[in-house]
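Colleague:
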Amino acid sequence: AKTEIIVPAEKFVPDDRDFNEWMTGMVGDVKTAPIRFVGAWEEIGDLMASPLKRGYYAVFSHETGDGLLRTFPLEVTSGFDIWGWGYPPSELRQKEYTRAFPSLGYIEIWNGNVHGFKDHSLAIIDPGATHEWIERIAAIHTQGSDLLIRNKIDQLAESMLTSSSNLN
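The opening position of the sequence shown corresponds to residue 1 in this note's numbering, with each subsequent residue numbered one higher.
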């Protein structure tokens with residue numbers, strides 16, 4: 001599947017777990033690493049994109065020209081984690097997240113306040129304390145070269161982040 005994970009970071013970093021061994025040689029620069037495509041996920045896996053430079057990520061299907069962009073304030077939720085079920089997913093696995101068979105794959109992207117895979121990397125929120133922030137999600141529909149698509153996503157993200165900061 002040519003569904004791409006687009007994230008403004010330097011590199012993909014896998015968690016040090018046995019089930020991630022298949023990622024060896026597939027991680028690295030977020031713009032060139034094979035792991036950025038859902039179709040490259042041979043098995044289940046867990047990785048981060050680090051360091052995150054801007055508060056957004058996108059997932060874009062080059063097959064359909066559709067995608068999703070999510071923005072968030074980097075200063076509040078700067079952690080980032082990516083989980084995948086492998087590709088192609090079995091029909092049994094697909095039934096957990098879709099009724100449309102076959103699917104183009106499945107990827108979960110989380111962000112929050114964690115900066116590593118170990119417990120000591122978790123941020124602490126005091127009992128009774130709260131944090132508030134604004135997130136935005138936008139549908140993307142576009143065509144063009146990979147560079148053109150990435151530039152359009154960057155521009156839309158910047159516009160959304162700027163307008164979100166004006167709401168505070």
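Positions of the beta carbon are idealized from the N, C-alpha and C atoms, including for glycine.
#1: Mapping the DSSP letters down to three states, classify A58 as helix, strand or coil.
#2: State whether the segment 11-23 contacts the segment 59-73, with contact taken as three or more CB pairs (one from each stretch) at a distance under 8 angstroms.
#3: At what residues does the alpha helix (DSSP H) containing E75 begin and finish?
#4: To the nearest angstrom, how far is it from the Cα of V59 to the Cα of D126?
#5: If we ignore side chains and look at the alpha-carbon of each, how far apart do E43 and L148 end up?
#6: Out of P34, K11, F37 and G55, point me to the one whose CA is closest to Q173's CA.
#7: Where do the ends of the beta strand (DSSP E) carrying E132 lie?
#8: With a cut-off of 8 angstroms on the beta carbons, I'd call V38 and V27 a contact; round off their distance for me.
#9: For the beta strand (DSSP E) that E10 lies in, which residues bound it at each end?
#10: Report the residue from E91, A138 and I82 whose alpha carbon sits nearest the alpha carbon of W41.
#11: When the Cα atoms are used, what is the spatial distance from F95 to I137?
#12: Would you give the residue range spanned by the beta strand (DSSP E) that E42 belongs to?
#13: What residue range does the alpha helix (DSSP H) around E91 cover?
#14: Report the three-state DSSP secondary structure of I124 (helix, strand or coil).
#15: Decide if I35 is buried, meaning its Cβ has at least 16 other Cβ atoms within 10 Å, or exposed.
Modeller: Here's the rundown:
#1: Look at A58 here: in three-state DSSP terms it is strand.
#2: Touching, no, given that fewer than three Cβ pairs across the two stretches are closer than 8 angstroms.
#3: Looking at the DSSP string, E75 is not in any alpha helix (DSSP H), and its letter there is neither H nor E.
#4: So the two alpha carbons sit approximately 33 angstroms from each other.
#5: Cα to Cα, the separation comes out at about 30 angstroms.
#6: Nothing about residue 173 can be read from this structure; the chain reaches only from 1 to 168.
#7: Counting along the chain, E132 falls outside any beta strand (DSSP E), and DSSP gives it neither H nor E.
#8: At roughly 15 angstroms, the Cβ-Cβ gap does not stay under 8 angstroms, so V38 and V27 are not in contact.
#9: Taken as a continuous stretch (DSSP letters only), the beta strand (DSSP E) holding E10 covers A9 to P14.
#10: In terms of Cα proximity to W41, the closest of E91, A138 and I82 is I82.
#11: Going by the sequence as given, residue 95 is Lys instead of Phe. Roughly 25 angstroms separates the two Cα atoms.
#12: No beta strand (DSSP E) holds E42; DSSP gives it neither H nor E.
#13: Boundaries of the alpha helix (DSSP H) harbouring E91: E91 to Q94, taken from the DSSP string.
#14: I124 falls in the coil class under three-state DSSP.
#15: Counting every other CB atom within 10 Å of its CB across the protein chains shown gives I35 a total of 16 or more, marking it as buried.
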